[in-house]
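Peer 1: Handing you a structure now.
Given below as structure tokens:
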């Protein structure tokens with residue numbers, strides 16, 4: 002077997018398949034040069050493992066408040082965007098309602114709030130469809146409600 | 543929210559904008575991200591900034607995350623890219639050390655002389671690590687400090703298993719040479 006110095010890191014990391022690790026170890030038994038290199042790299046490997054990361058890194062305050070402020074708490078933009086979508090959808094629904102046969106003025110928002118007749122069911126489905134497609138805005142609304150419930 | 547939920551499940555919730563899920567993910571992983579960035583950058587303030595940036599990026603990219611049980615790799619990939627970008631920007635390859643580790647441990651917990659020697663050795667190792675090429679350092683830090691398997695490291699670093707093996711092998715050899723030059727007996 003050729004020298005195995007290029008596999009010693011993987012051996013130390015226990016990343017070699019069993020049969021390869023066995024072959025490398027067998028070579029080390031018979032090759033003083035590779036064995037010496039293995040011992041030196043092994044000591045370096047152990048030193049690296051003992052070079053603890055600064056405990057301060059683990060004891061530092063959580064980044065969550067700052068991250069939250071930069072992401073989920075910054076809802077003003079999304080709230081405005083969601084409101085824009087709502088206004089657009091409402092306007093579109095009213096226009097469609099006036100254009101369709103059997104629908105007349107006056108359905109509008111009142112119908113969408115649940116006071117629907119059989120002929121108005123299309124409008125309800127329009128609202129529901131919009132609600133499903135605007136996942137992003139819906140998600141933010143949901144997140145807002147969960148936040149208040151969690152008290153976080 | 544159930545704290546036992548998998549990372550993939552939480553990420554799906556984050557993609558829907560659920561704050562509780564995102565908070566859980568941040569608390570679950572922030573220490574590892576901070577430790578990784580600390581080892582990569584050697585500077586506490588920068589590590590702290592980039593830990594924040596990493597999670598902001600996670601939030602922004604949540605919709606693109608593909609659940610495959612490899613969240614840690616994906617997370618460390620983001621953190622690694624940010625770290626390398628920062629290193630390139632400041633054009634400093636050298637190590638900006640943290641305060642010596644003795645300030646991080648309870649006073650009187652260990653023999654002072656032994657503690658000093660350990661701190662000096664740990665500092666020498668960190669400095670030797672900082673002197674390595676970035677990708678070798680990254681691979682070694684992910685393996686040795688984060689306990690990641692080669693498969694995870696390959697995913698985090700966008701390379702192959704053979705690539706990871708090579709990076710770690712060369713990194714380890716480079717580390718040993720630097721330590722020997724510094725008079726630290728490996």
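Residue numbers (my numbering), protein chains in the order written: chain A, 2 to 153; chain B, 543 to 728.
From the three backbone atoms N, C-alpha and C, an ideal C-beta is built for every residue, glycine too.
#1: For residue 555(B) and residue 33(A), what's the separation of their Cα atoms in angstroms?
#2: Please classify residue 574(B) as buried or exposed, where buried requires at least 16 neighbouring CB atoms within 10 angstroms.
#3: So, with DSSP's three-state summary, where would you put residue 607(B)?
#4: Please confirm whether residue 21(A) has its beta-carbon closer than 7 Å to some beta-carbon of chain B.
#5: Assign residue 32(A) to one of three DSSP states: helix, strand, or coil.
#6: Name the chain A residues whose beta carbon is nearer than 8 Å to that of residue 680(B)?
#7: Considering Cα atoms alone, identify which of 624(B), 552(B), 686(B), 632(B) is closest to residue 613(B).
#8: Just how far apart, CA to CA, sit residue 621(B) and residue 592(B)?
#9: In three-state DSSP terms, what is residue 701(B)?
#10: Can you find a CB in chain A that lies within less than 7 Å of the CB of residue 668(B)?
#11: If contact is defined by three or more beta carbon pairs under 8 Å, each pair taking one atom from either stretch, is the segment 676 to 685 of chain B in contact with the segment 703 to 713 of chain B?
#12: Suppose contacts are defined by Cβ-Cβ distances below 7 Å. Is residue 582(B) in contact with residue 562(B) by that definition?
#13: Pick out whichever of 64(A), 70(A), 68(A), 18(A) has its Cα sitting closest to the Cα of residue 703(B).
Peer 2: Put simply:
#1: 56 Å
#2: buried
#3: coil
#4: no
#5: coil
#6: The contacting residues do not exist; residue 680(B) stays about 14 Å from chain A at best.
#7: 552(B)
#8: 7 Å
#9: coil
#10: yes
#11: yes
#12: no
#13: 18(A)
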